[in-house]
Structure formats: structure tokens, C-alpha cells
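Residue numbers are given in UniProt numbering: position 144 of the sequence shown equals residue 144, and the series is strictly consecutive. Written out below as C-alpha cells is the structure these notes cover.
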Amino acid sequence: MSGFNELVSGIEGAPVTLYASPLACSAAVHIIMLELGTPHAVEFVDIYTQPHVLLSSGAVYKDLNPKDAVPALRLGSGELHTEVGVILQLLGDLSPESCLVPRPGTLARYRVMEWLSYVGSELHKTIGPLFNPAMPEAAKVLHRQKLRRTMSYMEQCLAATPYLTGDAFTAADAYLFVMLGWPLYFKVDLRPYPNLTRYHQHISERPSFLRMKKLIAPALDRMKLPAFPVFGDET
Ligand SMILES: N[C@@H](CCC(=O)N[C@@H](CS)C(=O)NCC(=O)O)C(=O)O
């Protein structure tokens, strides 16, 4: 791991910048950066306009990140990294002592990777299309069915342990925490999910999340977005 931190901070030691949108999957990265105390700047992106623009300057986001999606992490070296599951591992590897991502070469690492992949492919990309008004109702019905199946599976997994991989909070939990908030927009019946409810409420009490809530408040106001969704807060 020698030289890894230097690679990230860059020769000039320029700050790391996270491109994020307050209610998007990028919130998982924001939470982990706050957990780690990684020095960083956040640029909020309005992903609800076309083209997507930076709130701070109005700059067109696609010019900075051709994928035009958040999160993106600009390293001190100037390099841009994308994909939430990979950025989380990169950040975890910068602070291995945090155990937010177990060290490479351990089986525990593969458990966290397994969950990052599951949350990304089975949950994130099942719920995301439900926000698209152009999606046909028949397709939405299938996505909602898949969402209930996925939530039921995770409900069982969280019966025995407080977090996805055991007794310790990891980067995978930050990702799942953010994704689980999204079904609340669709008034999903939460009664079949007492473990997910306990899990979500418990993580919502972490100082990193409470800090993020404060930091995103001005951006939520600017974009006229609702509060960050937490199980039990819905009215
Ligand atoms: N594969 C990407 C997906 C990222 C993604 O879907 N980002 C959404 C927000 S959660 C986004 O930026 N959407 C804006 C758009 O697609 O226009 C990842 O895992 O990071």
C-alpha cells in the first residue's frame, strides 16, 4: 500500500473533491468520507436539470465527468474516479485501520465487495428507474415486485446481525442505508421489514449521517428537494 496515499493526494497535495447530489447514491460516499475524516471538498451537482450543472458555478457537469452521473471523486493528482462501489473501496483502502473496508486478501473483504455489488446491481438499479416518469407502468410493477423480493432477502440477512457483514458498520452499510431510503418515496409498506427499519434508524443516528444532513441542507433548499429519507420519519 506504500505510496497509495501520495498517489491520491497528488504531488501538489490538492484536496480531494467529491461530486455528489444530496439524495443520490453519492451520499454513501459522502457518509464514508465523513466517517474517515478524509479532508475533502464537495461539489453538489443538480442532476434534475438538463444539462446537469454544478450548483456552485453552473458549470456543465458532463464536461467534468463524461458519464454525467454522481458520484465522482477527483483525486489530488487530478484523476477522476467513478462508480460508487469502487470509490468506497478506494477510500477504505486509504484508511485500512478504519476497517470500513476490510484489507485486501481477507475473506471479509470479499463479503463487503459481495454486498457492494448486490446493493449496486439488485437494489440501486431496481429502484432508480422507478423515478423515471417515462417508464411504462407495467415495467414499474415488475420493478416493484423485484424490490419487494430484494428487501425480503435483506430483511432475513439482518435478522441475525446488526450490520450486513456482522457486528461492524462497513462501507456496504453506507451504500445500503442510502438505497433503502429511496423506497420511502414510493410509500412502500414497511410493516414486513422490521429488521430493515431498525437497521435504517440505527444508522441514521451515526454522527457521520447527522453531519451530512447538515451539510446537504443548503443544497436541498436550493434544489427544492425533500429531506433525506429515513425509516420512521415518513409522514
Ligand atoms: N454506475 C454508477 C451509477 C451512478 C448513478 O446511477 N448515479 C445517479 C444518481 S444515484 C445519477 O447521477 N443520475 C443522473 C443521471 O443519470 O442523469 C455508480 O455505481 O456509481
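Built from N, CA and C at the ideal position, the CB exists for glycine as well.
- Bounds of any alpha helix (DSSP H) do not take in R206, whose DSSP letter is neither H nor E.
- Taken from the Cβ of C99, every heavy atom of ligand 1 lies 6 Å or farther away.
- In the displayed model, L91 falls within a helix according to three-state DSSP.
- By the 16-neighbour rule on beta-carbons within 10 angstroms, A28 is buried.
- Remark: the C-beta of I47 is in contact range of ligand 1, defined as less than 6 Å to any heavy atom.
- In the structure shown, the three-state DSSP call for R109 is helix.
- Assignment of beta-bridge partners to E43 by DSSP yields Y19.
- For the set V230, D46, K67, N65, the Cα lying nearest the Cα of S57 is the one of D46.
- Residue pairing by DSSP places T82 opposite A72 in a beta bridge.
- A Cβ-Cβ separation of about 27 Å leaves P22 out of contact with A168 under the 8 Å criterion.
- Measuring C-alpha to C-alpha distances from L18 to each of A41, L34, G37 identifies A41 as the nearest.
- Between G232 and W115, the alpha-carbon positions lie close to 24 Å from each other.
- Not one heavy atom of ligand 1 is found less than 6 Å from the C-beta of E122.
- Around the beta carbon of E35, 16 or more other beta carbons sit within 10 angstroms, so the residue counts as buried.
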